[in-house]
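Here is the structure we will look at.
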Amino acid sequence: FASLRASTRPDLSRRLFRLIKSENHVITAYNTAAHERQCIATQLSEWGESTGDDAVSELSDKLGVILAEIGGLEEGFATNLEGCRTVLKTIRNTESSVGPSRENRARILEDIRRLEYKEPNSPRLAILEQELVRAEAENLVAEAQLTNITRAKLKEAYVKHFAAVVERAEKQAILARHGRRMLELLNDEPVVPGDMHEPFEREGEARQILNDAEEELRQWTSDIE
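Structure (structure tokens):
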């Protein structure tokens, strides 16, 4: 019934409601991508082991670890996006609360115009004009609150959003660089039929690359103020 509820929302909050709902679809997509990336990492490791090539087996396992970490970044990014979405909900809720105030003011104005046309001497006009004064005062407070919250929360939400984008990108770059280092350990010089590559003896270097990647991620800090 979510679609039915959406159709009855005040015009003021409907657009932001759709934006927040669309953002939820994006978050779901990143979580799905994280899961798929981690599955692929496992598949790469298992395939490498099945090749019977000691170098491919060792390095595909280590590359799988790096790919799994990249998948984990997608999960973290999705979590950060959810935080931004939560902040935007504050604006949406405030917009929803201002809607009735605007509608009440508009209704009283319409009643006054109608009565002035039909019964210009009606004593009810004075009552409606007093109601209008109160409604306008209430609406001024609500509009000011909406303006303040909209500006503050819009800035807060997208500061979080872009900080999350930067974190994800910089950590992906760290992992990608170490992934390329790992690939440099693989001797891909062609061999002639009957010859074999020398036994792989760089397991220690491969393990050190993972340790380096882990340490660089651990030490990462944002330079965004």
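For the sequence shown, the working numbering begins at 44 and goes up steadily by one. We treat Cβ as the ideally placed atom computed from N, Cα and C, and that holds for glycine. Keep in mind that this is a model prediction, so the values were computed, not measured.
Asked, Found
"Supposed contact pair Ala-84 and Ala-121 - C-beta distance, whole angstroms, cut 8 Å", "That belief does not hold up - the Cβ atoms of Ala-121 and Ala-84 are roughly 18 Å apart, past 8 Å."
"Nearest candidate by alpha-carbon position, reference Arg-188, set Asn-67, Arg-57, Val-141 and Arg-61", "Reading the sequence as shown, one finds Gln at residue 188 and not Arg. It is Val-141."
"Test item: CB-CB of Asp-97 and Pro-242 under 8 Å", "yes"
"Helix, strand or coil at Phe-243 [DSSP, three-state]", "coil"
"Residue burial classification, Leu-226 (beta-carbon count within 10 angstroms, cutoff 16)", "exposed"
"Touching by the beta-carbon criterion (3+ pairs, under 8 Å), the segment 98 to 112 and the segment 152 to 172", "no"
"Short Cβ contact (8 Å threshold) for His-221 with Ala-249", "no"
"Boundaries of the alpha helix (DSSP H) in which Ser-139 is found, first to last residue", "97 to 161"
"Residue of His-204, Arg-148 and Glu-199 minimising C-alpha distance to Gly-119", "His-204"
"Three or more C-beta pairs below 8 Å linking the segment 209 to 220 and the segment 164 to 174", "no"
"Nearest-angstrom Cβ-Cβ length linking Val-130 and Lys-196, presumed shorter than 8 Å", "5 Å"
"Ordered list of beta strand (DSSP E) runs contained in the segment 204 to 242, each at least 3 residues", "none"
"Residue of Asn-74, Asn-182, Lys-132 and Ile-134 minimising C-alpha distance to Ala-150", "This sequence places Arg at residue 150; Ala is not what is there. Of the listed residues, the one whose Cα sits closest to Arg-150 is Asn-182."
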